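So for the sequence shown, the working numbering puts the first residue at 1; every next one is plus one.
Quick reminder that beta carbons are idealized off the backbone N, C-alpha and C, glycines included.
These numbers come from a predicted model, not from an experiment.
Here's the structure we're looking at; comments come further down.
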Amino acid sequence: MLFLFLGPIAMSESSRLRLYAVSPARFHTCFYCGCDASEFDLVYPGAFSELLSRFDSEIEGYEIPACSECYRALRRERAPNIDQRIDKAKQAIAKQYSKALTVYQMWEPDEVEELSDDLRISIQAGVKLGRETQQRLDFSGYEFELDGAKFPALMVNRHRFEVFGEIFDSYRQALSFASKAYRIPKAKLAQGFAEHGHCFERAITAHHQQMESRLVKSAVIGLGLER
Ligand SMILES: [Zn+2]
1 MLFLFLGPIA
11 MSESSRLRLY
21 AVSPARFHTC
31 FYCGCDASEF
41 DLVYPGAFSE
51 LLSRFDSEIE
61 GYEIPACSEC
71 YRALRRERAP
81 NIDQRIDKAK
91 QAIAKQYSKA
101 LTVYQMWEPD
111 EVEELSDDLR
121 ISIQAGVKLG
131 RETQQRLDFS
141 GYEFELDGAK
151 FPALMVNRHR
161 FEVFGEIFDS
171 YRQALSFASK
181 AYRIPKAKLA
191 QGFAEHGHCF
201 ERAITAHHQQ
211 MESRLVKSAV
221 IGLGLER
């Protein structure tokens, strides 16, 4: 394994292996979210066992470049597998910036333009932060070197959203589409989505059933048939 010494791969003092980005543009980039990395997340020795053909019992673990936020989120996290750690980091980011994410998901640019100055500035700031947060959540890692071998970016389980046959990569796109196509206010639909097992189709169906029964009720009242 002489080539080990040609690249930046090296054992640190504590026999931890460090993960390196293949592309120099990705050096110092958080592996979890794509922000600037300033720390190393210390990962259980078996974290990459599915990728590495051998499991070296002498390795204490791996050092993964991480930004300060992901590092803090994972510091006490016992999840051993790298995929699980990616999920945990993203859950922490989503929780931390949930308000900004909601603003980003709810507001269309033309709606924001119509607001009064103060409100517009505040909503625009929320949209910007929400967009950046979404990019961190969508970040799918980078090609990396580990223990002398190169690996493609790990495929992060990206969520896809379906609305009666239409597929969307993001919740925001799906919400925007479904709100327009099925004439349901975004806030109402978002609430329904949460209440109906994170399923747009069930939320839409439930909303329309509710509207229908309301219509029937008001027709009945209008006819003076209600007792
Ligand atoms: Zn990060």
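Compute every distance between the C-beta of residue i and the non-hydrogen atoms of ligand 1, then say whether any falls below 6 Å.
i: Tyr-32; result: yes
Does the beta carbon of residue i fall short of 6 Å from some heavy atom of ligand 3?
i: Cys-199; result: With respect to small molecules bound, the structure shown includes ligand 1 and not ligand 3.
Between the options, which has its C-alpha nearest residue i's C-alpha?
i: Cys-70; options: Gln-84, Tyr-62, Asp-83, Lys-90; result: Lys-90
i: Lys-95; options: Thr-133, Arg-26, Ile-221, Ala-66; result: Thr-133
i: Glu-58; options: Gly-126, Arg-16, Thr-102, Glu-111; result: Arg-16
i: Gly-126; options: Tyr-142, Leu-137, Tyr-104, Ser-140; result: Tyr-104
i: Ala-203; options: Ser-179, Phe-31, Asp-117; result: Ser-179
i: Phe-164; options: Ala-181, Glu-60, Leu-137; result: Ala-181
i: Tyr-32; options: Arg-120, Arg-131, Pro-65, Gly-192; result: Pro-65
i: His-198; options: Asp-169, Phe-161, Ser-213; result: Phe-161
i: Trp-107; options: Ala-73, Ala-187, Gln-84; result: Ala-187
i: Arg-85; options: Gly-224, Ser-98, Leu-101, Glu-63; result: Glu-63
i: Glu-39; options: Gly-61, Arg-75, Gln-210; result: Arg-75
i: Arg-183; options: Ile-167, His-207, Ile-93; result: His-207
i: Gly-141; options: Ser-116, Gly-222, Cys-67; result: Cys-67
i: Lys-128; options: Pro-185, Glu-145, Asp-117, Val-112; result: Val-112
i: Glu-166; options: Gly-222, Leu-115, Glu-201, Asp-147; result: Glu-201
i: Val-22; options: Lys-150, Ser-170, Arg-131; result: Lys-150
i: Leu-146; options: Ser-98, Ile-82, Arg-78; result: Ile-82
i: Arg-18; options: Asp-41, Pro-24, Glu-212; result: Asp-41
i: Ile-93; options: Val-220, Pro-24, Leu-119, Arg-131; result: Arg-131
i: Lys-99; options: Leu-223, Ser-122, Ala-153; result: Ser-122
i: Gly-61; options: Ala-73, Arg-72, Pro-80; result: Pro-80
Per DSSP, which one or two residues make a beta bridge with residue i?
i: Ala-66; result: Glu-39
i: Ala-21; result: Phe-144
i: Phe-161; result: Phe-168
i: Thr-29; result: Asp-36
i: Lys-150; result: Glu-145
i: Arg-16; result: Gly-61
Stretch pair the segment 37-47 + the segment 162-175: three plus CB contacts closer than 8 Å: no
Segment contact flag, the segment 216-224 with the segment 181-197, C-beta cutoff 8 Å, min 3 pairs: no
Segment contact, 8 Å Cβ cut-off, at least three pairs: the segment 136-146 with the segment 25-41: yes
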